[in-house]
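Novice: Note that the sequence shown covers residues -26 to -1, 1 to 462 in mature numbering (1 follows the signal peptide of the UniProt record, and there is no 0).
Cβ atoms here follow ideal geometry from the backbone N, Cα and C, with glycine treated the same way.
Since the structure is predicted, the reported quantities are computational estimates derived from the model, not experimental observations.
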Amino acid sequence: QPSACPLHPFPQAPTLNLFLLPPVLCFAPQFTVTGPDHAVTASLGGEAVLSCHLSPRMSAENMEVGWVRSQDSEIVHLYRDGQDQYGQQMLEYSGRTELLRDDITNGRVFLRIYDIQPSDNGPYKCFFQSSIFYKDALLELQVAGLGSDPVISVEGHQDGGIRVVCQSSGWNSQPEAQWRDLQGQILPSASENIAQEANGLFQAEIAIVITEESNQKVSCCVRNPLLDQERKTAISLAELFFPRGNPWTVALGVILPLLAVLTALASYCFWRQSRVKGDVMRGVGGNMVRDRQRFKNQTKMDVTLDPDTANPWLVLSEDRKRVRDGDKRQNLPDNPERFDPCVCVLGAEGFVGGRRYWEVKVGEKTGWELGVCRESVRRKELVTYTPRNGYWVMVLRDGKYSACTSPSTPLPVSVRPRQVGIFLDYEAGEVSFYNVTDRSHLFTFTGTFSTTLRPYFSPGYSAGPTNTAPLIICPVPAQAGGNLVGAH
């Protein structure tokens, strides 16, 4: 089923009889079409979101909207007469596309492509056609995939040390390979070879010589620079296993570390599988007594909004405590910190440890998104909100509450929250959401944090009169702990 979570928001070509159209009158609505100004990157087997919008802002409900492969004009997805048209869709995209048209009345549409395949890589064209006017925009989709976990082997002695080789294969695009020490510092490689195999995929092989005086605990990291994701395997060669003239010592130095690595890898895989299965169960059924107790000695954070990160459609109050979706795009500097096209804004505060709690008034709004994200998330493209992509977010959309896991987790809510509490426990790797209205626990994400996190806010599109209201960050009360403290 398609994810309920929003997007950290392209047989036979359509016949466009442009030469048969009447001349464009001076009062006819004309427009331009704009897509992302950079390539959209997607993981192999994951999802991609291709965006397009009209300028000036106008409704496209009664227009024909579509995405085609620009090289051959075959239809990827077509919208006409107020509904999706699948009759001319390319067979390879059948069942894999979804047009997100929540904001089509403002001329903003998004095409989500599921189960990304290598053949999806390449240029696309997005077009809008009214009764007498046509415009399109070009965009690029780059498909990237991760290869296998690095495999480390010991090949023997070299230059007074032990030569260790790391190999990883099956990379969709050319990877980068590095050796690192325990502090994450890059170590020089003895050799490096990254080559494309006959099947078009890349294989990486790097070697390092570990001596008695050098780092004996190292990790091999192979990274996809397009996705900014990596796979890593570590090895430790104790001083005991370096050669001192005894062949049995040399043999032990080769065999025992390999056994340790294999055992550690097996234990890690089992632990990860068990933890993933338990995440959702822990989220929905949290222990309220324990959760409330955790707030007692915590001070509610005085969170403010960072205007440098705000999407140009968003309007922030002077005190930076309120944010709403505006009715026009503001002319703001396109600085690297600013989200565009994602309609969101971050809190000014960054967290690298400790426990933090803040509350947001959502009132009667029909759509919103709240949570935290990594400071390093990409800001110039649309992504699916999941912990893997650096987002720990809860949303309200179409009257339904959900946590943005993969797939999304529906949240049973008996009393509609007018105010939501967010609690971050950095060291415990938890982000929890609470319904302040009835003092209930909504969901808890669990994981591991290693980089700066920041509060995340999106007021949703102004699709109706009830969703024009702002999200309001609640002021810090005089009593420590916030509104949930003392609720017994």
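Please work out which residues of its chain come closer than 7 Å, Cβ to Cβ, to I168, disregarding the five sequence neighbours upstream and downstream, and give them in chain order.
Specialist: For the purposes of this step, residue 168 is identified with residue 194 of the sequence shown, where counting begins at 1. For I168, where only same-chain residues beyond five positions count, the Cβ hits under 7 Å are Q148, P149, A151, F176, A178.
Novice: Just to confirm the assignment: which complete beta strand (DSSP E) runs, minimum length 3, are found wholly within the segment 281 to 331?
Specialist: Correct list: 288 to 290, 296 to 299.
Novice: Would you mind listing the beta strand (DSSP E) stretches within the segment 122 to 162 that are 3+ residues and don't spill past its ends, in chain order?
Specialist: Correct list: 125 to 132, 135 to 145, 150 to 154.
Novice: Please report how far the alpha carbon of P449 lies from the alpha carbon of D58, in whole angstroms.
Specialist: Here residue 449 corresponds to residue number 475 of the sequence shown, with the count starting at 1. Here residue 58 corresponds to residue number 84 of the sequence shown, with the count starting at 1. Cα to Cα, P449 sits roughly 45 Å from D58.
Novice: Specify the secondary structure class of I78 as computed by DSSP and reduced to three states.
Specialist: To locate residue 78, count along the sequence shown from 1; it is residue 104. Helix.
Novice: Can you grab the Cα-Cα spacing for the pair G121 / E292, in whole Å?
Specialist: Position 147 of the sequence shown, counting from 1, holds the residue named residue 121. Position 318 of the sequence shown, counting from 1, holds the residue named residue 292. Each residue's Cα considered, the two are about 48 Å apart.
Novice: Looking only at its chain, what residues have a beta carbon closer than 6 Å to the beta carbon of F397, apart from the 5 residues adjacent to it on each side?
Specialist: Numbered from 1 along the sequence shown, position 423 holds the residue referred to as residue 397. Cβ neighbours of F397 beyond the five flanking positions: Y331, S406.
Novice: Give me the residue from L85, R413, E204, Y108 with the minimum Cα distance to S143.
Specialist: Along the sequence shown, one-based indexing puts residue 143 at 169. For the residues L85, R413, E204, Y108, the minimum Cα distance to S143 belongs to E204.
Novice: At which residues does the beta strand (DSSP E) containing H51 begin and terminate?
Specialist: By one-based count along the sequence shown, residue 51 stands at place 77. From DSSP, the beta strand (DSSP E) with H51 extends over 48 to 54.
Novice: Spell out the partners DSSP gives P429 in its beta bridges.
Specialist: Translated into positions along the sequence shown, residue 429 becomes position 455. DSSP, once it has assigned bridges, lists V346 as partnering P429.
Novice: DSSP three-state label for R362, please.
Specialist: Here residue 362 is taken as the residue at index 388 of the sequence shown, counted from 1. Note: R362 maps to helix in three-state DSSP.
Novice: Just the C-alpha distance for G81 and T283, rounded to the nearest angstrom, thanks.
Specialist: In the sequence shown, the residue the question calls residue 81 occupies position 107. In the sequence shown, the residue the question calls residue 283 occupies position 309. Whole-angstrom Cα-Cα distance: 23 Å.
Novice: Are three or more beta carbon pairs between the segment 129 to 136 and the segment 98 to 117 nearer than 8 Å?
Specialist: Taking 8 Å as the limit for Cβ pairs, the verdict is that the segment 98 to 117 does not touch the segment 129 to 136.
Novice: In or out: D372 buried (at least 16 other Cβ within 10 Å) or exposed?
Specialist: Within the sequence shown, residue 372 is the residue found at index 398, counting from 1. So D372 ends up on the exposed side.
Novice: Smallest Cα separation from S414: which of Q393, T422, R428, T425?
Specialist: One-based indexing of the sequence shown puts residue 414 at position 440. Ranking the options by Cα distance to S414, first place goes to Q393.
Novice: Alpha carbon to alpha carbon, how far is V389 from T411?
Specialist: By 1-based counting over the sequence shown, the position of residue 389 is 415. By 1-based counting over the sequence shown, the position of residue 411 is 437. The alpha-carbon atoms of V389 and T411 are separated by roughly 8 Å.
Novice: Which residue comes first and which comes last in the beta strand (DSSP E) that contains I180?
Specialist: If you number the sequence shown from 1, residue 180 lands on position 206. From DSSP, the beta strand (DSSP E) with I180 extends over 176 to 184.
Novice: For T442, collect the residues of the same chain with a Cβ closer than 7 Å to its Cβ; drop the 5 residues on either side in sequence, then sort them by chain order.
Specialist: Numbered from its first residue, the sequence shown carries residue 442 at position 468. Answer for T442: R298, S436, listed in chain order.
Novice: With a cut-off of 8 Å, do at least 3 Cβ pairs link the segment 314 to 331 to the segment 413 to 429?
Specialist: Flag = yes, the segment 314 to 331 and the segment 413 to 429 touch.
Novice: In angstroms, rounded to a whole number, what distance separates the CA positions of V369 and S432?
Specialist: The residue labelled residue 369 in the question sits at position 395 within the sequence shown. The residue labelled residue 432 in the question sits at position 458 within the sequence shown. Going from the Cα of V369 to the Cα of S432 covers about 9 Å.
Novice: What residues in its chain sit with their C-beta under 6 Å from that of I78, if we drop five residues either side in the sequence?
Specialist: What you label residue 78 is simply residue 104 of the sequence shown in a count that begins at 1. Once the five neighbours on either side are set aside, the close Cβ partners of I78 are A34, E35.
Novice: Thinking just about the alpha-carbon of each residue, which of S104, Q116, L201, F101 is nearest to the one in G364?
Specialist: On the sequence shown, residue 364 is found 390 positions in, with the first residue counted as 1. Comparing Cα-Cα distances from G364 to each of S104, Q116, L201, F101, the minimum goes to L201.
Novice: Are there 16 or more other CB atoms within 10 angstroms of the CB of Q103, so buried, or fewer, so exposed?
Specialist: Locating residue 103 in the sequence shown gives position 129, where the first residue counts as 1. Buried is the call here.
Novice: Using a Cβ-Cβ cut-off of 6 Å (strictly less than) and excluding sequence neighbours within five positions of R140, which residues of its own chain qualify?
Specialist: Within the sequence shown, residue 140 is the residue found at index 166, counting from 1. Residue identity check: residue 140 is Cys in the sequence provided, not Arg. Answer for C140: P124, I126, I180, C194, listed in chain order.
Novice: Should D301 go down as buried or exposed, given a rule of 16 or more other Cβ atoms within 10 Å for buried?
Specialist: Residue 301 sits at position 327 when you count from the first residue of the sequence shown. D301 comes out exposed.
Novice: With 16 as the cutoff for other CB atoms within 10 Å, does I160 come out buried or exposed?
Specialist: As a first step, residue 160 is located in the sequence shown; it is residue number 186 there, counting from the start. Flag for I160 reads exposed.
Novice: Closest by CA to W342, which one among C318, K295, G174?
Specialist: Stepping through the sequence shown from its first residue, residue 342 is reached at position 368. Residue C318 is the option with its Cα nearest to W342.
Novice: Specify, as a first and last residue, the run of the beta strand (DSSP E) that I446 falls within.
Specialist: Indexing the sequence shown from 1 puts residue 446 at position 472. Taken as a continuous stretch (DSSP letters only), the beta strand (DSSP E) holding I446 covers 445 to 447.
Novice: In this structure, how does DSSP classify P(-16) when only helix, strand and coil are distinguished?
Specialist: Counting from one through the sequence shown, the residue named residue -16 turns up at place 11. For P(-16), the predicted structure reports a pLDDT of 38, less than 50, and the residue's modelled location is therefore unreliable. A value from the coordinates is still provided. Correct three-state label for P(-16): coil.
Novice: Kindly indicate the opening and closing residues of the beta strand (DSSP E) around P97.
Specialist: Reading the sequence shown from its first residue, position 123 is the one you call residue 97. That run of the beta strand (DSSP E) goes 96 to 103.
Novice: Look up E171 in the DSSP assignment and say whether it is helix, strand or coil.
Specialist: Numbered from 1 along the sequence shown, position 197 holds the residue referred to as residue 171. In this structure, E171 counts as coil in the three-state DSSP scheme.
Novice: When you compare each of R70, V138, E166, R54 to S210 by their alpha carbons, which one comes out closest?
Specialist: Numbered from its first residue, the sequence shown carries residue 210 at position 236. Among R70, V138, E166, R54, the Cα nearest to that of S210 is on V138.
Novice: Residues bridged to S193 by DSSP?
Specialist: Position 219 of the sequence shown holds residue 193. Answer by DSSP bridge pairing, in chain order: R154, A208.
Novice: Mind reading off the beta-carbon distance from L445 to V346? Whole number of angstroms is fine, and I expect it under 8 Å.
Specialist: Position 471 of the sequence shown, counting from 1, holds the residue named residue 445. Position 372 of the sequence shown, counting from 1, holds the residue named residue 346. With a Cβ gap of about 15 Å, L445 and V346 do not count as contacting.
Novice: Grab me the residues of P199's own chain with a C-beta within less than 7 Å of its C-beta, minus the 5 sequence neighbours each way, in chain order.
Specialist: Looking up residue 199 in the sequence shown gives position 225. These residues qualify, in order along the chain: E150.
Novice: For A118, which residues in the same chain have their Cβ closer than 8 Å to its Cβ, ignoring the five residues on either side in sequence?
Specialist: Within the sequence shown, numbered from 1, the residue matching residue 118 stands at position 144. Cβ neighbours of A118 beyond the five flanking positions: T15, A16, S17, L18, N146, S147, N198, L200, L201.
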